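Encoded as structure tokens, the structure appears first; notes follow it.
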Amino acid sequence: MSQNTFKSFAVLGAGTFGSPLAQSLVDNGASVTVFTRPSSKHRKLPSGTTHVAVDFTDTSALTEQFRLHDCKVVISAINHDYLGVQARTLEAAKNAGVKLYVPSEYSIPTEGQDGILGQKSEFIDQLEAAGMPYLRLYSGFLMDFIPFFLGIDWNKEVTLIGEGKKPASWTSLADVTGYLAYVLTHLPARELNNRTLRIEGQRYTYLQIAEDYGDSVKVVHAPQFPDDIDNPRLREYLQMKVEAGAGTVTYNIKTNKDDYKLDNDLWPDHRWLTVDKTLGL
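For the sequence shown, the residue numbers in full-length UniProt numbering are 1 to 281.
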């Protein structure tokens, strides 16, 4: 890390995303404080990190801890069920003099969207209104969660709500967290402020994924997922975004085209994982 890069980070959450992100930051020589809710069941924290259990809605307590640990960057790894609490963490970050906030995005473009994606877009508006510099990362869908997206975890079948022929951006969890940690610790702060980065490990359709599984699964088309499985509406919502052509990180909702370029090159010489390698197919 150079003199002009960030060195001290707060990671909010230690679940599927937060824990490996904290590890990647440590691997890049950063000072990392991991914040979790007192009631949360978090993963084992990486060695070399500091752990703070605090109520994310307690702005005063968060402000105090951000200052105590000299956190210059706050990275939200808060999952979609608790996105509303980010507003309180923003207030605390602002009060503590944090220099950059990385909101919980890590998916497809959210501008002008509805539902969960719209909630994420609204938080960007809050960051801008507060005058808080931010870095937004669009990384597409996580390859690791493909069994969830396609219902394979439910009945060992690829369940498609649409035709499954539209391409989507897919990136492995390891690549998303590794990339974010790299750019945050290697790019000068001025190159990160109020910037949107777009990455993908592979552009792939649902049908191509099914082909990678081969004879181990069969493809079925259905109008919806059954109500008694985990998050059926979320699965449908994300599949329909892809069917509408909005499943790539380069998608521009204003033009309904892939107008933006990828920023993979900011992590030089990295070999990106593919779907088959990530899933061991």
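Every residue gets a Cβ at the ideal spot worked out from N, C-alpha and C, and that includes glycine.
All figures in this text were calculated on a predicted structure; none of them were measured in a lab.
- Going by C-alpha positions, T250 is about 12 Å away from N264.
- Segment contact: the stretch 158-167 against the stretch 125-143, fewer than three CB-CB distances shorter than 8 Å; contact not assigned.
- Contact annotation, L117 with F6: C-beta distance approximately 27 Å; criterion of less than 8 Å not satisfied.
- Straight-line measurement puts the Cα of V34 at about 18 Å from the Cα of Y182.
- With 16 or more other CB atoms across the displayed protein chains lying within 10 angstroms of its CB, L62 is buried.
- Residue range 73-76 is occupied by the beta strand (DSSP E) that includes I75.
- Across the set M143, A189, W154, P188, the C-alpha of M143 shows the shortest separation from the C-alpha of D175.
- For F17, the three-state secondary structure derived from DSSP is coil.
- Within the model, the alpha-carbon separation for D258 versus Q119 is close to 22 Å.
- The closest CA to that of V219, considering only E157, V102, E191, N193, is found on E157.
- Counting along the chain, the unbroken alpha helix (DSSP H) around W154 starts and ends at 152-155.
- DSSP, reduced to helix, strand and coil, places Y138 within a strand of the structure shown.
- Taking C-beta separations shorter than 6 Å and ignoring five residues to either side along the sequence, the partners of F17 in its chain run A77, following chain order.
- For H186, no beta strand (DSSP E) segment is defined; the enclosing uninterrupted segment is the alpha helix (DSSP H) at 173-186.
- Around S121, the same chain offers T110, E111, G112, Q113 as residues with beta carbons nearer than 8 Å, after the five sequence neighbours per side are excluded.
- Along the length of the stretch 198-243, whole beta strand (DSSP E) runs at least 3 residues long occupy 202-205, 219-221, reported in chain order.
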